[in-house]
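In my numbering, the protein residues as written are 155 to 340.
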């Protein structure tokens with residue numbers, strides 16, 4: 155098995171297992187078994203579980219950024235692009251395997267003990283904030299809307315996972331619509 159194939163299989167298996175069960179509940183042997191990559195080769199590619207966690211999060215970060223950009227840019231107006239963020243969340247929350255935001259979950263599990271994981275999570279959330287900020291600026295709305303929309307989106311991610319329902323995305327979208335309807339505050 156070549157380097158790229160082994161790495162892809164490991165990342166796919168680890169991503170699935172970490173997301174389904176939690177990072178701390180999954181051992182390297184379970185990842186080896188799920189990936190079909192030998193334990194020796196696993197440790198050649200990823201010297202520690204933390205290295206594997208970091209690689210999984212970095213890969214997921216790039217995928218989510220690309221998906222969200224494509225989803226929001228497909229909308230016509232700046233306001234529709236902002237609201238599309240919440241439509242994207244709704245579609246995500248409807249997935250049968252939705253277990254919350256992998257970045258929030260990782261931070262809760264490892265953030266205090268792993269500065270590298272915490273920094274990857276912060277980078278991802280900053281990129282999400284930057285995306286929202288660009289949409290808000292394009293809609294000619296006050297910068298204060300960025301933080302408000304982020305709270306709605308991140309709150310919906312957590313609430314949907316706990317409730318086991320996609321509806322928090324719809325509720326957050328309605329609240330976002332009210333914020334956008336307000337326009338510039340007094």
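The beta carbon of each residue, even a glycine, is placed where N, CA and C say it ideally should be. All values reported here derive from a predicted model rather than from experimental measurement.
Reduced DSSP category for residue i - H, G, I as helix; E, B as strand; rest coil
{"i": "residue 405", "result": "This structure gives no information on residue 405, because the portion of the chain shown stretches from 155 to 340."}
{"i": "residue 262", "result": "helix"}
{"i": "residue 192", "result": "coil"}
Euclidean distance between Cα positions of residue i and residue j
{"i": "residue 210", "j": "residue 305", "result": "25 angstroms"}
{"i": "residue 234", "j": "residue 248", "result": "21 angstroms"}
{"i": "residue 228", "j": "residue 301", "result": "23 angstroms"}
{"i": "residue 285", "j": "residue 190", "result": "37 angstroms"}
{"i": "residue 339", "j": "residue 323", "result": "Residue placement at residue 339 cannot be trusted, given a pLDDT of 46 that sits under 50; what the coordinates show is reported in the next sentence. For residue 339 and residue 323, the distance between alpha carbons rounds to 24 angstroms."}
{"i": "residue 303", "j": "residue 278", "result": "16 angstroms"}
{"i": "residue 294", "j": "residue 308", "result": "23 angstroms"}
CA nearest to the CA of residue i, picked from the options
{"i": "residue 168", "options": "202, 180, 249", "result": "180"}
{"i": "residue 296", "options": "178, 213, 333", "result": "333"}
{"i": "residue 315", "options": "163, 244, 264", "result": "244"}
{"i": "residue 292", "options": "230, 216, 157", "result": "230"}
{"i": "residue 178", "options": "164, 263, 232, 225", "result": "263"}
{"i": "residue 317", "options": "253, 267, 206", "result": "253"}
{"i": "residue 282", "options": "298, 312, 220", "result": "220"}
Going residue by residue through the stretch 230-308, where are the continuous alpha helix (DSSP H) segments of at least 4 residues, counting only ones entirely within it? 232-247, 256-264, 269-292
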